[in-house]
Every structure is written in C-alpha cells, then in structure tokens.
Amino acid sequence: MTAPPFLPGPKAALAMLGAAAVVAFADLYLSTYAVTLLSLVMLNVALAVSLQLTNGLTGLFSLGHPAFMTVGGYVAAILTYPVRRKGFMMPDLPDWLATAQWDLLPATLVGAAVAALLALVVGIAVLRLKGHYLAVATLGLIVIVRVVINNLDGYTRGGLGLSGVPRLTGPWEVLVFTLLTVGLVWRIKHASLGRAMMAMRENELAARCMGIDAFALKLLAFVLGAFLAGAAGALTVHLVSVITPGAYGIPLAFSLVVMVVVGGSGSITGAVLAAIAISLLSEFARPLEEGLELYGLSQVLVALGLILVLRLRPTGLFGSREPAGLGRPRFSGGTS
Amino acid sequence: MSAYYLQQLLNGLMLGSLYALIAIGFSMIYGIVRLINFAHGDLLMVGAFTTLGLASTGLLPWWAIALLVLVTGALSGITIERVAIRPMRGAPQVTGFIATLAVSVVIENGGLILLSGQPRTFLFPEIMRSRVTIGPASVAAVDLVIIGSTLLLCVLLLLFVRGTRMGRAMRALADNLLAARLMGIDVDRTIMAAFAIGSAFAAFAGLLWGGRFGQIDPLIGFAPGLKAFVACVIGGVGSIGGAVLGGYLLGLAEVMFVGMLPPIYSGYRDAFVFATLILVLLLMPNGLLGRPEEDRA
Amino acid sequence: MLTLAELVVERGATRVLHGIDLEVRSGEIVALIGANGAGKTTTLHAISALLPVRGGRITLDLGEGTAKRLDRMSPAEVVACGVVQCPEGRQLFASLTVLENLLLGAYRRDDREAVKRDLARMSELFPVLGERRNQSAGSLSGGEQMMLAIARALMARPRLLLLDEPSLGLAPQMVDRIFETILALNREGVTMLLVEQNALAALEIADRAYVLETGRIVQSGTGAALLDDPAVRAAYLGLGA
Numbered sequence: 061m062t063a064p065p066f067l068p069g070p071k072a073a074l075a076m077l078g079a080a081a082v083v084a085f086a087d088l089y090l091s092t093y094a095v096t097l098l099s100l101v102m103l104n105v106a107l108a109v110s111l112q113l114t115n116g117l118t119g120l121f122s123l124g125h126p127a128f129m130t131v132g133g134y135v136a137a138i139l140t141y142p143v144r145r146k147g148f149m150m151p152d153l154p155d156w157l158a159t160a161q162w163d164l165l166p167a168t169l170v171g172a173a174v175a176a177l178l179a180l181v182v183g184i185a186v187l188r189l190k191g192h193y194l195a196v197a198t199l200g201l202i203v204i205v206r207v208v209i210n211n212l213d214g215y216t217r218g219g220l221g222l223s224g225v226p227r228l229t230g231p232w233e234v235l236v237f238t239l240l241t242v243g244l245v246w247r248i249k250h251a252s253l254g255r256a257m258m259a260m261r262e263n264e265l266a267a268r269c270m271g272i273d274a275f276a277l278k279l280l281a282f283v284l285g286a287f288l289a290g291a292a293g294a295l296t297v298h299l300v301s302v303i304t305p306g307a308y309g310i311p312l313a314f315s316l317v318v319m320v321v322v323g324g325s326g327s328i329t330g331a332v333l334a335a336i337a338i339s340l341l342s343e344f345a346r347p348l349e350e351g352l353e354l355y356g357l358s359q360v361l362v363a364l365g366l367i368l369v370l371r372l373r374p375t376g377l378f379g380s381r382e383p384a385g386l387g388r389p390r391f392s393g394g395t396s
Numbered sequence: 002m003s004a005y006y007l008q009q010l011l012n013g014l015m016l017g018s019l020y021a022l023i024a025i026g027f028s029m030i031y032g033i034v035r036l037i038n039f040a041h042g043d044l045l046m047v048g049a050f051t052t053l054g055l056a057s058t059g060l061l062p063w064w065a066i067a068l069l070v071l072v073t074g075a076l077s078g079i080t081i082e083r084v085a086i087r088p089m090r091g092a093p094q095v096t097g098f099i100a101t102l103a104v105s106v107v108i109e110n111g112g113l114i115l116l117s118g119q120p121r122t123f124l125f126p127e128i129m130r131s132r133v134t135i136g137p138a139s140v141a142a143v144d145l146v147i148i149g150s151t152l153l154l155c156v157l158l159l160l161f162v163r164g165t166r167m168g169r170a171m172r173a174l175a176d177n178l179l180a181a182r183l184m185g186i187d188v189d190r191t192i193m194a195a196f197a198i199g200s201a202f203a204a205f206a207g208l209l210w211g212g213r214f215g216q217i218d219p220l221i222g223f224a225p226g227l228k229a230f231v232a233c234v235i236g237g238v239g240s241i242g243g244a245v246l247g248g249y250l251l252g253l254a255e256v257m258f259v260g261m262l263p264p265i266y267s268g269y270r271d272a273f274v275f276a277t278l279i280l281v282l283l284l285m286p287n288g289l290l291g292r293p294e295e296d297r298a
Numbered sequence: 006m007l008t009l010a011e012l013v014v015e016r017g018a019t020r021v022l023h024g025i026d027l028e029v030r031s032g033e034i035v036a037l038i039g040a041n042g043a044g045k046t047t048t049l050h051a052i053s054a055l056l057p058v059r060g061g062r063i064t065l066d067l068g069e070g071t072a073k074r075l076d077r078m079s080p081a082e083v084v085a086c087g088v089v090q091c092p093e094g095r096q097l098f099a100s101l102t103v104l105e106n107l108l109l110g111a112y113r114r115d116d117r118e119a120v121k122r123d124l125a126r127m128s129e130l131f132p133v134l135g136e137r138r139n140q141s142a143g144s145l146s147g148g149e150q151m152m153l154a155i156a157r158a159l160m161a162r163p164r165l166l167l168l169d170e171p172s173l174g175l176a177p178q179m180v181d182r183i184f185e186t187i188l189a190l191n192r193e194g195v196t197m198l199l200v201e202q203n204a205l206a207a208l209e210i211a212d213r214a215y216v217l218e219t220g221r222i223v224q225s226g227t228g229a230a231l232l233d234d235p236a237v238r239a240a241y242l243g244l245g246a
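Below is the structure:
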C-alpha cells in the first residue's frame, strides 16, 4: 500500500480553494441570511462526514449526533456567555463558571470534550452488543439530554432555551472546522486505522482474527464522531446565538443518517455532496411548506426517497468509494 | 397495604399493560426478522386516531371500534413489512433498520400533514371515567379495562403461539430459520402474520392510551414506542414472555420513580427510563428471559 | 425418482457445482460421498430449493408419467412434493419441545388423524422420543437429537429423504445405531439420498453411490463396486488399494 495521502490531491485542493472562494464571496457581497445559510450548510457537511466516520466507515448505527451537538452547544454557550447577564439567566452556576467568559476556541474544545466523554460512557455500555442496541441507546440519549437540560433550569434556563449567546462564529471559522473535519476523516479512512474500521464493518469476525480490537476501534470511532458533533454544536450555537433543549432532535438525526446512506456508506465525497444537496433542499422547501401549510412534507419526501434509494441502490450513490483525483492513491473499499 | 401504595400499584400495572402491549409486537417481529421496527411505536398513534375517527362518527358500538382498530393495526403492519422490510431482506441489518426509521418519519410527518399537530381531545364513553372502589383505593374504570384487556390479549396470544399451526410456525421460524424453511414453512406468510399480530396489539394500545390520557397528537407514538423497546430489553429481546414481564416491570418502576421520589425529580421521568436501558444493556444484555442469539440478515 | 441433469449451482459469486448428473431410483439408498467442500451439502440445498439453480434441471418423477421441476419451486413447495431434508447439524428447533418439533415436521400435512398415527409410530421407532415428548429439543443428547431430526423429517411422509451427514459428531456406537435405523427405514420403502463424509459406512448401506470432487461427479457405481475401487479406497476410505 502506498503511504496515506498527507496532501490533498489536485481536485481536492481545487475543491478547498473553491469553498474558500465561495465563503469569501458570500462574506463580501451577500446578505447575512445567505452567509448564515452557507455556514449552516458547511456545518451539515461536517456533521455528515463525522457521522460517516462512525456509521459509514465503522458500520455502527448511531443516532446520537443531535445529543452530542446539544451537549457541546450548551457547554460552550455557558462558557462564552456574557458575565453580566449570567446571574440573571443561569442563577445556579457555581462562582468559577459564573465569572468565566471564554473565547470561542477553548469553549468549543471543552464542549466537544464533554460530548466525547458522554459518548465514552454510552459506548462502553453498548458497543460490545449488536449494532441496533447502539441505535436505540443513542436515541434514548437524545431524550435523556433533552430532559436533563429541561430540568436543570438554573444552569440552562430549561425549556426557554438560552438566547443572546454571543455571535462568535463566522463563516471562516466554520470553513476551517469543516475542512479540518473532512481532512481528518479522509486521513483516517486512508490510513491503516480506516482500513481496519472498514474490515470490521465487512466482517467483524475476520477482522478480529487479524488482530483488530473491534471494541476499541468502535469506541474510538464513536467517541471521535461525538467530539466532532459536539464541536459542530458549539459552533452552531455561536452562529445562530440561541439554543433550546429540543433544537437538535430526532429529525436531525434522521437527516444525517440519510446524508450518509444516500451518499454511500463510507464515501466522504458522497456524504459531502449529499449533505449540501439535502440541506439546500430542505431550506428551499421550507417556504413551500409554509405556503401550503404542509409542515413535514419535505421530511416525508426525503424519507420516501430514502426507501427508494435503499431498494434500488442500497450502497448509495458512491458506495464506499471516492472519485479519482481527490486523494493521491485511488482507494476502493469494500462495497457490499 | 395502604390506599396510596395500592393506587400506585394499579397505576404501574396500567402503564405496564400499555408498554407490554407495544413490547409484544416489538419482540415478535424482532424474534423472527432480527430487526427493530422503528415505526412500531407509531402504530399506537395510528390506533388512537383510528379510534377517534370511528368514535366521532357515533355509528359504531365500542366493541366494533375495538375490532376495527385491531384490523387497521394489522393492515398497517403488513403494509410496513411489504414496503420497507421485505425488499431489504438479505441486505445488511442496518439497511432494514434505516428503512423502518424512514417509515416512522413518513407516518409521523404524514400524520402532521393530514391531522395537524394540534392535540385532540379523545372521547371515551362516560362510564370509563367512573371510579371503582377496590379496598381502600379508588381507580378509574378505564384503568381496569386496560389491565383486563391486556391480560385477555396476552392469554389469546399464548393460546395462539402454543396451540395453533401458525403459532408453532412462528416460534419455529424465530428458533431456526433454516430448519423452518426445510419443514416447508412459508416464511413470507409467517413473517406477515407476526407483523399483523404485533401491529394490531400496538394499535389497540393506541385506543387504550387515548382513552386513558385524553389527548392525542401525531407524535404520541414515539416515546411509548421507545419505552416499549426498553421493556423488551429488560425482559430479553425476542421473547414474548420477556416483553410482557419487561413491560410491567418498567411500568411499575416508572410509577415508583415518580411517586416515591421528591416531586422535583419527576421531570426526569423519561431520562430515568432511558438511563435504565443503558444500565440494563451494561449489566445483563440478554435481559431476564432472553438468550444470546445468532445474527440474521 | 429424482434426476439431476447438468446441475450448476453458485453460492454468492462462487460456482460450487459445475454441471452434475445424478439419479435416485425408487426404493434406493444412494450415497453421495466426497471431501469437505466438494459440494455435497450444496447439492442437497439446491434440491431443497434453498439455493437458486443457475443451470440444468432437477426433476422429480411422480410415477404414472407425471414429473415436476423442483428447480423452479420454493422450499415449501419442494416439501409439499415429498422431498424432505434432514439437514447437517440436525438443526432442531432447540427451544421447542420434542412433540412440537415432530408436529412441525408434519407442517405441510392436513390429515390430522394420519399425523396422530405417525406420531405414535415415531414413539415406537424411537422410544426415547416418546418418553421425552414434552422436553425441549435442546436438552436431548446428540444421538437423541439425531433421532429426533430423522423422525421430524419422517413426519412429513417423504417420498425421498435427503440425509445430510447423519453421523456427524456422534459417538461410534450411536453412528452404528443411526445407520441401522436408516437401513431399516429404507426396507420399509423410504427412498434416500445420503450425503456422508463417513464414506465407508455410507457405501456399506448404499445401493449405489456417486463421488463428488470439487463440484463434479468423478465416479459412480454400486456401493459394493466403489468399496472395491482402488482410487476410492485410497482417497476416501483411508485404505490401501
């Protein structure tokens, strides 16, 4: 095997430059709405790619991303929240938190770390079992996180949600985060770690016989995915300046799964394209839904489309592959 | 036993009955196709709205409505199996799971579109609201109806799986797929029957749920569905007896949690249920009555 | 009774049977022997319609000039035609009772009275099954499980019984008993296709036999003839020429 691609291939470099150009253009000429939309699309890309690591490459089935985003978002928001309003909004905070007002970067890292810690606890409990237990446990986790945040109103303002979170995230921060996420997952996929993950996805018993510690590998993929989701949550909160306990829930979990499946389980390119397409679609479907008063229509259509994809092309648009020229060695993983 | 504890016990049995009714279907379906049907909880909603629709016409007696709800549930289950599960047979397990998740999204959002998200008041005959005195406690008649009809359905199901050819075929299929095919068991038809029965039970739970809690909306199925799954895990996924046992244990535990702890913790009710799930998975992944089973695509 | 002609079968992307011809006549015991991976079990799975047939035909002659193509049927339809398999590794319904296992053997039958009589007959043939009728099948010993597996297949009233490795994993005395049973059943008129790795025991009771090697029939003849064949003796019986 050739060395993992430390440098992006020519097309990937071009795509990165293109993304930067789009962000620069939007930043200079477009409305705040357009810039926010662009940032949210990029965050969805990062979320889908990080879920691709957990679900696509490793073959787990986690629905927990919204829970990790919520945790990362709340933790970071509490850390960056203006001190002068903290006493009023979050009266129960201990002194050291009540007087802290951090920058975005450390707050995001801590938020992500707390999300990862949560994933570690759940992962240790569930990842030794068969796949679907993880799905149900992570779904339960979404409910647990929502209920706990709702009830800890002295820290989180409960069901009212936290508004007035400082807008510290701009499109450039999001771009850097998204590129880092995609780059990280890309490198994992094309290193021996990623090959071990895919081997395990295809045949866990065989992978174990080759000396792969399946449990450790699953735990790593799950915790790393949660870390990235937590960071995405933190960035999102500081982009839209508000977070509520139910802001990220089952519908988002479903959308992310759709992005991974439609893009092709294991294909990073597929996840990126599917994330862009589905985010834009649901954004543009919103005025239509409101006009027709058919709330939920886009979800129904996406779900029906998903069933169709599963029936007609169960490996998704890209299977596990990446188009040639994106990285250095062309890699084709298992596609079954 | 003081009136308070008897009251709590009856509440727990009532809630446990509802969980058990949903959990039975989860377990039957899992036992045969080794798949968690995500849309299963939504059949509760289908059952509740079917009841409401039929009852509001005022034309049918209650026994006929109950029968029609069972039939509607069975037909919904069969449809789900045909659309989203049968075509995925042979694909990786995750595929079937995602497909049922998509069905759940379709049912819930379809419900929102057709019925709107406004909660509706559920009409149950006045007599159900009357109180019945049992020893020192007094309970709503509807609670007794829930407990009684659940027990009746459980007994009928037991007679079915033990005593009929189709019931035996279902258990055979859950036990050993290869041998079941070699005995000439029609796998498709048996799977369909399992979906029909399990889904009918869940829809019937919807009728009872609406009657007990008085308000329904298109998303009511989600939380009870997920909790019923927790009940299955407690009892041992794949075992019908385990599902019933797990349902009652979970119902009693939930009522105890709310009733016996200081009121400030009662908001954590749902968190408690799912924390239980994670704890049970950690400590006894096969549940109380389950046994380790082979994978099946 | 059963004819395989130019049978080609694949498992996934791998071709396992490369066009085999085989015949079982009414009243015979026909043995199919060969090494691990030669395709013996695959042949039986194809007959029982558990695997799709890629080429060739499987024909069941029902006498009186009627014949049926088994290769286009579902497993259930094959059983309904009276071709019943007693699979490798027994494959009992371990959590069900002995009685329930037997009743499932008769799943395709509607003649309740006759099923009852057959249940009584199984208790005569295998007294231990009658004693343990309400015990779960998983609690039986290996030999008892094998008897239950054969009895369960007989409950379907097979015209043709497909037996896959009946001696596998059994103690030597038990193997003798099972083969005696097979021979006795054959004398009562049950036609059998027997797949065995224990080639010596299989050839001793077989009327005719086929040798399968990597998906092809390389030799056939009467059981006695193959027992004397130097190549067969060397390769499958572990005996000198």
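Protein chains in written order, with my numbering: chain A, 61 to 396; chain B, 2 to 298; chain C, 6 to 246. Beta carbons are placed, not taken as given, at the ideal position from N, Cα and C, and that holds for glycine. All of these numbers come straight from a predicted model, not from anything done at the bench.
Leu102, Ala103, Val106, Val107, Asn110, Gly111, Leu113 and Ile114: these are the residues of the stretch 101-130 of chain B whose beta carbon lies less than 7 angstroms from some beta carbon of chain A, given in chain order.
Not one beta carbon of chain B lies nearer than 9 angstroms to the beta carbon of glycine 379(A). Taking a C-beta cut-off of 8 angstroms against chain B, the contacting residues of the stretch 353-380 of chain A are Leu354, Tyr355, Gly356, Leu357, Gln359, Val360, Val362, Ala363, Leu364, Leu366, Ile367, Leu370, Arg371 and Pro374, listed in chain order. The DSSP-derived three-state label of serine 240(B) is coil. Arginine 113(C) reaches chain B at Gly185, counting residues in chain order whose Cβ is nearer than 7 angstroms. In this chain, the alpha helix (DSSP H) harbouring leucine 134(C) covers 132-136. By the C-beta criterion, the stretch 95-112 of chain B is judged to be in contact with the stretch 356-376 of chain A, since at least 3 inter-stretch pairs fall below 8 angstroms. Neighbours of glycine 147(C) across chain B, judged by C-beta separation under 7 angstroms, do not exist; the nearest C-beta is about 16 angstroms away.
Put simply, the CB of proline 92(C) is near chain B, with a gap under 9 angstroms to one of its CB atoms. Distance from leucine 208(B) to threonine 52(B) at the Cβ level is roughly 4 angstroms; contact confirmed, criterion being Cβ atoms closer than 8 angstroms. Chain order gives the chain C residues near leucine 179(B) as Leu55, Pro92 and Gln96, where near means a beta carbon separation below 8 angstroms. Chain C places no beta carbon closer than 9 angstroms to that of alanine 195(B), leaving this residue out of the contacts.
Within the DSSP bridge table, the entry for methionine 197(C) names Ile34(C) and Leu166(C) as partners. The stretch 213-295 of chain A is shown to contain whole alpha helix (DSSP H) runs of 4 or more residues at 213-216, 231-250, 252-262 and 264-269, in chain order. With contacts defined by Cβ atoms closer than 9 angstroms, glycine 268(B) and valine 207(A) form a contacting pair.
Annotated three-state conformation of glutamate 69(C) is coil, per DSSP.
Nearest in C-alpha terms to arginine 126(C), of all of Ala207(C), Ala10(C), Leu190(C) and Leu166(C), is Leu190(C). Looking only at Pro70(A), Ala80(A) and Lys71(A), the smallest Cα-Cα distance to valine 234(A) is reached by Ala80(A). Looking at Ala72(A), Glu350(A), Gly214(A) and Leu228(A), the one whose alpha-carbon comes closest to that of proline 142(A) is Leu228(A).
Relative to arginine 381(A), the option among Ala345(A), Leu169(A) and Gly330(A) whose CA is nearest is Gly330(A).
With fewer than 16 other beta carbons inside 10 angstroms of its own, asparagine 139(C) counts as exposed. At a cut-off of 9 angstroms between beta carbons, aspartate 144(B) makes no contact with chain C.
For leucine 189(A), the closest Cβ of chain B is nearer than 9 angstroms. Around glycine 143(C), the same chain offers Leu97, Ala99 and Ser100 as residues with beta carbons nearer than 8 angstroms, after the five sequence neighbours per side are excluded.
Between glycine 110(C) and chain B, the shortest Cβ-Cβ separation is below 9 angstroms.
No Cβ-Cβ contact shorter than 9 angstroms links threonine 168(A) with leucine 284(A).
As computed with DSSP, threonine 64(C) is found in a beta bridge with Thr8(C) and Arg74(C).
Looking at the DSSP output, arginine 381(A) bridges to nothing. Taken in chain order, the unbroken stretches of alpha helix (DSSP H) that lie wholly in the stretch 298-331 of chain A and span 4 residues or more are 310-323.
The Cβ atoms of leucine 107(A) and alanine 251(A) do not sit closer than 9 angstroms to each other. In the DSSP annotation of this structure, the continuous segment of the beta strand (DSSP E) that includes alanine 214(C) starts and ends at 213-218. Here the alpha carbons of leucine 27(C) and glutamine 224(C) stand approximately 11 angstroms from one another.
Collapsing the DSSP output to three states places serine 141(C) in a strand. Contact between valine 256(B) and leucine 16(B) holds: CB atoms are separated by about 6 angstroms, below the 8 angstroms threshold. Following the DSSP letters along the chain, one finds histidine 192(A) inside the alpha helix (DSSP H) bounded by residues 191-211.
Measuring C-alpha to C-alpha distances from alanine 232(B) to each of Leu253(B), Ala67(B), Gly91(B) and Pro88(B) identifies Leu253(B) as the nearest.
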